[in-house]
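Notes to accompany the following structure.
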Amino acid sequence: MCNLMSSDFANTLGLKKEKINIPVSGISDTAFNAKRKSTGTILNSDGSFSATLDFLVIPKITDLMPSTSIDLEEIKIPSYVKLADPNFYSPAKVDLLIGAELFFSILKGNRLCINNSLILQETVFGHVLNGTVEGKQEVQHCGLISQVENSNNLVKKFWEVENITDIPTSSNKDELDFGNHFMQTYRGDKGGKYIVSFPLKENMLLGNSIQLAKQRLDNLWKRLHNDSSMANLYCKFMKEYEELGHMQKIDNSDNLKYVMPHHGDYRADSSITKLRVVFDASAASTSGVSLNNCLLKGGVVQDYLFSILLGFRKHKVAFTADVKKMYRQIWVNPDQCNFQCILWKNRSCEEPSLYKLLKSRTVPNLLLC
Numbered sequence: 001m002c003n004l005m006s007s008d009f010a011n012t013l014g015l016k017k018e019k020i021n022i023p024v025s026g027i028s029d030t031a032f033n034a035k036r037k038s039t040g041t042i043l044n045s046d047g048s049f050s051a052t053l054d055f056l057v058i059p060k061i062t063d064l065m066p067s068t069s070i071d072l073e074e075i076k077i078p079s080y081v082k083l084a085d086p087n088f089y090s091p092a093k094v095d096l097l098i099g100a101e102l103f104f105s106i107l108k109g110n111r112l113c114i115n116n117s118l119i120l121q122e123t124v125f126g127h128v129l130n131g132t133v134e135g136k137q138e139v140q141h142c143g144l145i146s147q148v149e150n151s152n153n154l155v156k157k158f159w160e161v162e163n164i165t166d167i168p169t170s171s172n173k174d175e176l177d178f179g180n181h182f183m184q185t186y187r188g189d190k191g192g193k194y195i196v197s198f199p200l201k202e203n204m205l206l207g208n209s210i211q212l213a214k215q216r217l218d219n220l221w222k223r224l225h226n227d228s229s230m231a232n233l234y235c236k237f238m239k240e241y242e243e244l245g246h247m248q249k250i251d252n253s254d255n256l257k258y259v260m261p262h263h264g265d266y267r268a269d270s271s272i273t274k275l276r277v278v279f280d281a282s283a284a285s286t287s288g289v290s291l292n293n294c295l296l297k298g299g300v301v302q303d304y305l306f307s308i309l310l311g312f313r314k315h316k317v318a319f320t321a322d323v324k325k326m327y328r329q330i331w332v333n334p335d336q337c338n339f340q341c342i343l344w345k346n347r348s349c350e351e352p353s354l355y356k357l358l359k360s361r362t363v364p365n366l367l368l369c
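Residue numbers (UniProt numbering): 1 to 369.
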């Protein structure tokens, strides 16, 4: 005989569950497979008894017990008797079912007859009531281990597998706040460009970040000084970035919010993109806080890969394409561009100049890497 625990009870206790696949049979060959198991310790109120058991975790053990309410006026229980369940007369869920391996260990010798059909049996947890109660039984109930799915649920599961699924709605507060912020702040200009604002958290204090950016720039130029090919590509990238209007030189540093270090991911043997410039918004300021720390985290916005692949079956012809500089077509709210400033110089001997990036550098409205 096995020990059983309901899924709701295991979740309430926060127990760790281990994946299994164990067949369990009950009355009249009723069978199902238990998918989880957990380990727990049971003990009585005074601590005189405890036992650690393995439980099969299943969705439901049985229906409410008792099946109907019991009239206490028909049962004369002595006042000195301590009951294991003082509310035994009210129907309630069964959270645990103890198997034969422990059942007889919890029984004690004292038994008290209430009448011809009811007996109080003493256990390590207190007295339990056994027998039958006279009166009208509106529900005839027989408890057994079972898990039966009706045909409607089986058909529903079939269509869920076959259909292209939607992305589940998140219940995470940060993700909900992120989505609300985006819907309330994004806009388009007359030219059809999208403009977004950073989803900033409340009460986040950014410290000084320019000194770290200077140090990282000096270290970058030490590397560029030893690799002329990387240096040429880096300078070309920065020049193009400015000529395209994606960043703008600024003279006044009074209103700086955050200065990002940057570095290059250089692969000389690549046939497509030899250099990728990475702007590091995770670098901590003097307060220990980075720009990424100040931003709400967005949820998953793309569809499941499985659904994307299935989508190709919906049309006779499918196209794939790569949009050049796609993410840079998203502009940042001009009032918040001072949150994404950088330092740059075309030669190691020059003094660095300050720039602010006018466009999103990664996924729209999301800096987090």
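Glycine included, each C-beta is placed from N, C-alpha and C at the ideal position. Keep in mind it's a predicted model, so treat the numbers as computed, not measured.
Three-state secondary structure (DSSP) at residue i?
| i | result |
| --- | --- |
| tryptophan 50 | First, the amino acid is wrong: residue 50 is serine here, not tryptophan. Note: serine 50 maps to strand in three-state DSSP. |
| glycine 131 | strand |
| serine 353 | strand |
| isoleucine 77 | coil |
| glutamine 336 | helix |
| leucine 295 | strand |
| glutamine 302 | coil |
| isoleucine 61 | coil |
| phenylalanine 88 | coil |
| isoleucine 98 | coil |
| phenylalanine 319 | coil |
| phenylalanine 104 | coil |
| alanine 283 | coil |
Spatial neighbours of residue i within its chain, please: C-beta separation below 6 angstroms, excluding the five flanking residues on both sides.
| i | result |
| --- | --- |
| leucine 56 | Cys2, Leu4, Ala34, Lys37 |
| threonine 52 | Thr41 |
| tyrosine 194 | Gly188, Ile330 |
| leucine 200 | Cys294 |
| leucine 112 | Leu120 |
Can you name the residues that DSSP bridges to residue i?
| i | result |
| --- | --- |
| phenylalanine 32 | Val24 |
| lysine 37 | Glu18, Leu56 |
| tryptophan 331 | Ile195, Lys359 |
| glutamine 121 | Arg111, Val128 |
| arginine 187 | Ile195 |
| cysteine 341 | Val259, Lys356 |
| lysine 274 | The partner list for lysine 274 (beta bridge, DSSP) is empty, contrary to what the question assumes. |
| methionine 247 | Leu357 |
| leucine 176 | According to DSSP, leucine 176 bridges with nothing at all. |
| isoleucine 42 | Ala51 |
| leucine 83 | His127 |
Could you check the C-alpha separation between residue i and residue j for me, to the nearest Å?
| i | j | result |
| --- | --- | --- |
| valine 148 | glycine 40 | Low confidence applies to valine 148: its pLDDT is 44, below 50, so where it sits in the model is not reliable, and the reading given next is rough at best. The alpha-carbon atoms of valine 148 and glycine 40 are separated by roughly 27 angstroms. |
| aspartate 71 | aspartate 95 | 24 angstroms |
| isoleucine 75 | valine 81 | 13 angstroms |
| leucine 275 | lysine 236 | 11 angstroms |
| methionine 248 | valine 332 | Sequence check: residue 248 is glutamine here, not methionine. Roughly 13 angstroms separates the two Cα atoms. |
| methionine 238 | aspartate 303 | 34 angstroms |
| lysine 356 | aspartate 269 | 32 angstroms |
| aspartate 8 | leucine 15 | 11 angstroms |
| phenylalanine 103 | alanine 92 | 21 angstroms |
| asparagine 252 | valine 259 | 13 angstroms |
| leucine 120 | leucine 43 | 21 angstroms |
| glutamine 340 | phenylalanine 306 | 36 angstroms |
| phenylalanine 182 | threonine 286 | 29 angstroms |
| lysine 19 | asparagine 130 | 36 angstroms |
| phenylalanine 279 | proline 261 | 6 angstroms |
| lysine 60 | lysine 108 | 29 angstroms |
| cysteine 349 | serine 209 | 22 angstroms |
| serine 79 | threonine 68 | 24 angstroms |
| valine 196 | alanine 213 | 25 angstroms |
Taking the alpha helix (DSSP H) that residue i falls in, what are its first and last residues?
| i | result |
| --- | --- |
| leucine 206 | Looking at the DSSP string, leucine 206 is not in any alpha helix (DSSP H), and its letter there is neither H nor E. |
| methionine 230 | 228 to 243 |
| isoleucine 70 | Neither: isoleucine 70 is in no alpha helix (DSSP H) and is coded neither H nor E. |
Quick one: residues in its chain with C-beta nearer than 8 angstroms to the C-beta of residue i, no 5 flanking neighbours on either side, listed in chain order?
| i | result |
| --- | --- |
| phenylalanine 312 | Ala318 |
| residue 370 | There is no way to answer for residue 370, as the model of the chain reaches only from 1 to 369. |
| isoleucine 106 | Phe49, Ile98, Thr123, Val124, Phe125 |
| leucine 118 | Ile75, Leu129, Asn130, Gly131, Thr132, Val133 |
Starting from residue i, follow the beta strand (DSSP E) in both directions and report where the run begins and ends.
| i | result |
| --- | --- |
| lysine 108 | 107 to 113 |
| glycine 264 | 262 to 266 |
| cysteine 7 | According to the sequence as given, residue 7 is serine; it is not cysteine. First-last for serine 7: 7 to 13, but that is the alpha helix (DSSP H), not the beta strand (DSSP E). |
Quick one: residues in its chain with C-beta nearer than 7 angstroms to the C-beta of residue i, no 5 flanking neighbours on either side, listed in chain order?
| i | result |
| --- | --- |
| lysine 359 | His246, Arg328, Ile330, Trp331, Val332 |
| asparagine 338 | Asn255, Leu256, Lys257, Lys356 |
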